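Residue numbers (our numbering): 46 to 469.
The structure under discussion appears below in the form of structure tokens.
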């Protein structure tokens, strides 16, 4: 336990000194490995090679590429325009559109940051044009972006599944109902806020049923992609990696059909995918090295024994784990948090009788909270970057009511696990 505490203190010092997260993780792996009884260079080399050869991880760059093409071809912008007329009379109007469009886009991107960036770029110009409260409007975008890792296809689910050998199709099915409930809770928060403070809402944009029906075909592309990707996985037609490749192919065909594809768009999408994937893979490999090194010195065994000796009940244990994730989520980016903690905590939770699929969704939910809490709430930084002016505090203040909805959902799935395991 002392080694774990020493590593945590050292990691926070290096993190706040400005080192990138993968450097902190890599240095931690090296430091822990130096006190292990196994020759560290050979052991870490084999571990890094083994994890980088994981076939399932090939789906990560493919899903990133799918989302990049979807955004750069302009199809995402069409979705926003298609959803807005249907929510024009609901309190919150375009803020509700932010949440619903984020949910739809999440079904194609698998990334919270990509969802926040895309919806932010489309929606933020509407704030002053229609008279919305800027803080709550920005908060609805940042909160809606968290759905990117809960609604399948989710990159975080792929990583969790590869770490714990949990069925990715099951994780995808398990994420659908909680994702839709979270969308509804976010919409409820927006509705309540705008009913309590009508001056926070925007003006009504005149529309009619003819306009609403005319925009419906624009929602068919994301629906078709969702069916191609998730449907092919759950039907047993394709593995997650094959489904991701099918999704990229379908997106390319769709963009070509709409005459929205060019060599420059494809080049920029591939370049952005390569940059994002490089960062993610480095984090995953370095985290694997650290967890391997911790395993060599018996850290996981000591932690397991420590928790067992506490003689906690199931609910006490899950509440402590949730608290750990909420605290760490304030300082670590979501994927880094997942790959660092899951190899240690998943065996402990399984031993305590928690279903690995259920625990995976729980991890993703509390990781989502970290995306919108200071000081490292990445979704808030992305939304602020899309805004390009004002203070980051505005985004953190605006997103705070939506955190309540997220915590409510955490309570729901703890009390009723069937919300996650509905498909069984």
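Ideal placement from N, C-alpha and C gives every residue a C-beta, glycine not left out.
Predicted model only: the values in this text are computed from it and were never measured.
Query: contact_flag[the region 198 to 214, the region 166 to 180] where n(CB pairs < 8 Å) is 3 or more; Result: no
Query: Option in 135, 264 and 363 with minimal Cα separation from residue 235; Result: 135
Query: Secondary structure of residue 282, DSSP reduced to three states; Result: coil
Query: Integer-rounded CB distance, given that residue 144 should sit under 8 Å from residue 240; Result: Their Cβ separation, rounded to whole angstroms, is 16 Å, which puts residue 240 and residue 144 out of contact at 8 Å.
Query: Where residue 436 falls: helix, strand or coil (DSSP); Result: coil
Query: Residue burial classification, residue 380 (beta-carbon count within 10 angstroms, cutoff 16); Result: buried
Query: Cβ shell of residue 250 (< 6 Å), same chain only, five flanking positions each side left out; Result: 133
Query: Alpha-carbon spacing of residue 109 relative to residue 259, whole angstroms; Result: 30 Å
Query: Rounded separation between residue 282 and residue 295 - CA only; Result: 16 Å
Query: Residue of 368, 392, 400 and 159 minimising C-alpha distance to residue 452; Result: 368
Query: Reference residue 201; option with closest CA among 446, 350, 141 and 158; Result: 158
Query: Closest residue to residue 116 among 280, 310 and 445 (Cα-Cα distance); Result: 310
Query: Sequence-distant residues of the same chain with beta carbon closer than 6 Å to residue 329, five excluded per side; Result: 384
Query: Sequence-distant residues of its chain with Cβ nearer than 6 Å to residue 510 (five each side left out); Result: Because residue 510 is not part of the residues shown, which for the chain are 46 to 469, the question remains open.
Query: Contact between the region 396 to 413 and the region 213 to 226 (3+ Cβ pairs under 8 Å); Result: yes
Query: Rounded distance between the beta-carbons of residue 151 and residue 160, thought under 8 Å; Result: 5 Å
Query: Residue 300 to residue 113 span [Cα, whole Å]; Result: 12 Å
Query: Beta-carbon gap between residue 318 and residue 228 smaller than 7 Å; Result: no
Query: Option nearest residue 302 by Cα separation, candidates 360, 291, 331 and 266; Result: 266
Query: Separation of residue 269 from residue 416, as counted between CA atoms; Result: 28 Å
Query: Spatial distance of residue 357 from residue 324 (CA atoms); Result: 38 Å
Query: Three-state class that DSSP yields for residue 462 in the structure shown; Result: helix
Query: Beta-carbon contacts of residue 179 that lie in its chain and below 6 Å, excluding the five residues immediately before and after; Result: 172
Query: Backbone secondary structure at residue 447 - three-state DSSP; Result: helix
Query: 7 Å Cβ cutoff met for residue 273 and residue 291; Result: yes
Query: Cβ-Cβ distance between residue 405 and residue 153 below 7 Å; Result: no
Query: Residue 188 versus 459, 469 and 444, residue with shortest Cα-Cα distance; Result: 444
Query: Run of the alpha helix (DSSP H) containing residue 113, from where it starts to where it stops; Result: 104 to 117
Query: Straight-line gap, residue 105 to residue 333 (C-alpha atoms, nearest Å); Result: 17 Å
Query: Per-residue burial, residue 456 [other beta carbons within 10 Å of its own, 16 or more giving buried]; Result: exposed
Query: Pairwise C-alpha distance: residue 118 and residue 307; Result: 9 Å
Query: Where the alpha helix (DSSP H) through residue 230 begins and ends; Result: 213 to 241
Query: Residue from 362, 320 and 131 whose Cα sits closest to the Cα of residue 255; Result: 131
Query: Closest residue to residue 243 among 364, 165, 176 and 389 (Cα-Cα distance); Result: 176
Query: Beta-carbon proximity of residue 362 to residue 414, cut-off 7 Å; Result: no
Query: Reduced DSSP category for residue 475 - H, G, I as helix; E, B as strand; rest coil; Result: Nothing can be reported for residue 475, as the shown portion of the chain is limited to 46 through 469.
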